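Enquirer: Numbering (this note's numbering), first residue to last: 397 to 614. Cβ atoms here follow ideal geometry from the backbone N, Cα and C, with glycine treated the same way. None of the values given here were measured: they were computed from a predicted structure. This is the structure I want to talk about, given as structure tokens.
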Ligand code: ADP
Ligand code: AMP
């Protein structure tokens with residue numbers, strides 16, 4: 397049975413930042429739906445072209461294409477031991493599709509769903525100062541987690557850029573979409589007994605500690 401962890405939380409909560417550390421520490425694959433879409437967009441695949449408009453507006457890409465992209469990714473051998481899901485599921489139908497697929501493929505079920513809680517005010521500040529690396533999606537913040545050398549990723553030396561959808565108007569829509577379509581997942585996973593609430597307002601290293609304690613507590 398695979399070990400599956402779903403990271404919940406609004407855009408800017410720190411899911412990507414923490415998923416990178418957790419996946420290293422636990423030896424699990426890191427699957428970021430946003431990174432997968434951005435990769436398709438860069439390669440101008442059919443899926444990337446379809447997703448582009450939704451992403452630019454800060455809307456969700458339709459469930460059917462998102463689900464099939466993640467299913468595909470999860471059938472990769474690097475997921476045999478398990479995975480940290482970051483940004484997926486984002487709607488109740490996505491969560492139901494994931495559960496149905498896990499049951500069918502005998503992979504088990506989601507073991508833990510840590511919910512990284514951060515206030516709306518902090519999210520706006522985090523997203524407006526976020527810098528992401530071109531090569532592998534490593535994330536920095538100009539104030540809270542600056543790179544050693546401005547504009548360059550500490551880990552792979554690639555260029556850092558500011559995401560188009562981190563502009564103030566798009567951020568507002570992304571947060572609205574989160575409240576409307578993704579917050580029902582908090583109750584969904586609470587009812588399954590796997591939700592863990594994490595204080596995401598603390599410094600990055602302290603959030604990591606809290607998360608690790610929560611996911612290692614089987
Ligand atoms: P998400 O994947 O949930 O959208 P990210 O991991 O990309 O969020 O983090 C958003 C921004 O906030 C990044 O610039 C990151 O460096 C910064 N950040 C992440 N966690 C914290 C934290 N605990 N305190 C301050 N800034 C943080
Ligand atoms: P993220 O990198 O998680 O902030 O995602 C960036 C964008 O990709 C989102 O604003 C959506 O347009 C799209 N996206 C990522 N994950 C999903 C998902 N699970 N369902 C639908 N759209 C998604």
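Hey, is residue 541 close to ligand 1, as in C-beta under 6 Å from one of its heavy atoms?
Expert: Within the chain shown, the letter at position 145 stands for residue 541. Residue 541: yes, Cβ under 6 Å from ligand 1.
Enquirer: With a threshold of 8 Å on Cβ separation, who are the neighbours of residue 558 within its own chain once the five nearest residues in sequence on each side are excluded?
Expert: Along the chain shown, read from residue 1 onward, the residue named residue 558 stands at position 162. These residues qualify, in order along the chain: 526, 527 and 528.
Enquirer: In the segment 505–583, which residue ranges form an unbroken alpha helix (DSSP H) of at least 4 residues, counting only runs that do not cross its ends?
Expert: 516–524 and 564–573
Enquirer: Taking the alpha carbon of residue 602 as the reference point, which residue from 512, 442, 547 and 402 has its own alpha carbon closest?
Expert: Sequence index remark: in the chain shown, residue 602 carries index 206 (1-based). Comparing Cα positions, the closest option is 512.
Enquirer: Terminal residues of the continuous beta strand (DSSP E) containing residue 591?
Expert: The sequence position of residue 591 within the chain shown is 195, counting from 1. Looking at the DSSP string, the run of the beta strand (DSSP E) that includes residue 591 is 591–595.
Enquirer: Spell out whether any CB of chain B is found under 7 Å from the CB atom of residue 466.
Expert: The structure shown contains no chain B; it holds only a single protein chain.
Enquirer: For the segment 427–446 against the segment 468–483, do three or more pairs of beta-carbon atoms, one drawn from each stretch, fall closer than 8 Å, so that the two count as touching?
Expert: yes
Enquirer: Quick check on the burial criterion: 16 or more other C-beta atoms within 10 angstroms. Buried or exposed for residue 460?
Expert: For this step, residue 460 is matched to residue 64 along the chain shown. Result: exposed.
Enquirer: Relative to the C-alpha of residue 555, which residue among 569, 571, 566 and 533 is closest?
Expert: Locating residue 555 in the chain shown gives position 159, where the first residue counts as 1. Closest option to residue 555, Cα to Cα, is 533.
Enquirer: Based on Cα-Cα distance, which residue from 592, 446, 531 and 522 lies nearest to residue 613?
Expert: Here residue 613 corresponds to residue number 217 of the chain shown, with the count starting at 1. With distances taken between Cα atoms, residue 613 lies closest to 592.
Enquirer: Ligand 2 heavy atoms versus the CB of residue 446: any closer than 6 Å?
Expert: Taking the chain shown and counting its residues from 1, one reaches residue 446 at position 50. Checking the Cβ of residue 446 against ligand 2 gives no.
Enquirer: Quickly, what does DSSP pair residue 479 with across the bridge? List them, please.
Expert: Position 83 of the chain shown, counting from 1, holds the residue named residue 479. DSSP lists 400 and 425 as partners of residue 479.
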